[in-house]
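Q: The opening position of the sequence shown corresponds to residue 48 in our numbering, with each subsequent residue numbered one higher. From the three backbone atoms N, C-alpha and C, an ideal C-beta is built for every residue, glycine too.
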Amino acid sequence: MIIVGLTGGIGSGKTTVAKQFMALGIPVYIADDEAKKLMNRSKIIKRKLIQLFGEQAYINNKLNRPYLADKIFNNTSDLEKMNAIIHPIVATHFKKWVEKQKAPYVLKESAILFENDAYKNCDYIITVTAPKQLRIERLLKRDETSLEKIQAIMENQWNDNKKIEKSDFVIINKDLGETIHQVQLTHNKIVNFTQ
Numbered sequence: 048m049i050i051v052g053l054t055g056g057i058g059s060g061k062t063t064v065a066k067q068f069m070a071l072g073i074p075v076y077i078a079d080d081e082a083k084k085l086m087n088r089s090k091i092i093k094r095k096l097i098q099l100f101g102e103q104a105y106i107n108n109k110l111n112r113p114y115l116a117d118k119i120f121n122n123t124s125d126l127e128k129m130n131a132i133i134h135p136i137v138a139t140h141f142k143k144w145v146e147k148q149k150a151p152y153v154l155k156e157s158a159i160l161f162e163n164d165a166y167k168n169c170d171y172i173i174t175v176t177a178p179k180q181l182r183i184e185r186l187l188k189r190d191e192t193s194l195e196k197i198q199a200i201m202e203n204q205w206n207d208n209k210k211i212e213k214s215d216f217v218i219i220n221k222d223l224g225e226t227i228h229q230v231q232l233t234h235n236k237i238v239n240f241t242q
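Printed below as a string of structure tokens:
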């Protein structure tokens, strides 16, 4: 099975692009969504996060997201420790998921595909980009967040140029019609590689 990594900075439109691939019949594994589910389901993750952040990491057996977000905000050491707990379990979950898929290829969507070295397990990489100001506008509209939080997240992610250097495909997500066209072209090329 060919594994294609799909990445891009926060607000670049990875989800929009992922939906276009899904419309073409390509299974998409959204790493962030699966990590959130596993953080509530996995006894191992739960135990280790409580050891790291204290009992307040969970309230009524559910992940205390605001508390954890506050703990890791501007604290790269705690963020790295948390990622070291979660990423190996997500990677194992992804491998099991891939085995069940019946398609020419699958997509693994992850904002930090490069930052956590997950790109090394991909056959091809697609990076989604958009102008920084457009990304900020999308995030302010989409999330209950602040400019300060957005900039802190952006600073913890690789910049677009660094991602593009290591990518096989780049999709510029400014206009939906143009994005759909770029997804179709990219899909056709990947399908050709699988034949």
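1. Give the single residue among Glu184, Val217 and Asp222 whose Cα lies nearest to the Cα of Lys236.
2. Within 10 angstroms of its Cβ, does Lys222 collect 16 or more other Cβ (buried), or is it exposed?
3. Could you tell me the distance, in whole angstroms, from the CA atom of Trp195 to the CA atom of Ala138?
4. Reducing DSSP to helix, strand and coil, say where Leu160 ends up.
5. Where does Lys270 fall in DSSP's three states?
6. What is the DSSP secondary structure of Leu232, counted as helix, strand or coil?
7. Which residue comes first and which comes last in the alpha helix (DSSP H) that contains Gln85?
8. Using the Cβ count rule (16 or more neighbours within 10 Å means buried), how would you classify Gly58?
9. Which one or two residues does DSSP pair with Val51 in a beta bridge?
A: Per the coordinate set shown:
1. Val217
2. First, the amino acid is wrong: residue 222 is Asp here, not Lys. Asp222 is exposed by the Cβ-count criterion.
3. Per the sequence shown, the amino acid found at residue 195 is Glu instead of Trp. Taking the straight line from one Cα to the other gives about 31 Å.
4. coil
5. The structure shown has nothing for residue 270, since the chain only spans 48 to 242.
6. helix
7. Per the sequence shown, the amino acid found at residue 85 is Leu instead of Gln. Start and end: Ala78 to Arg88.
8. buried
9. Leu154 and Tyr171
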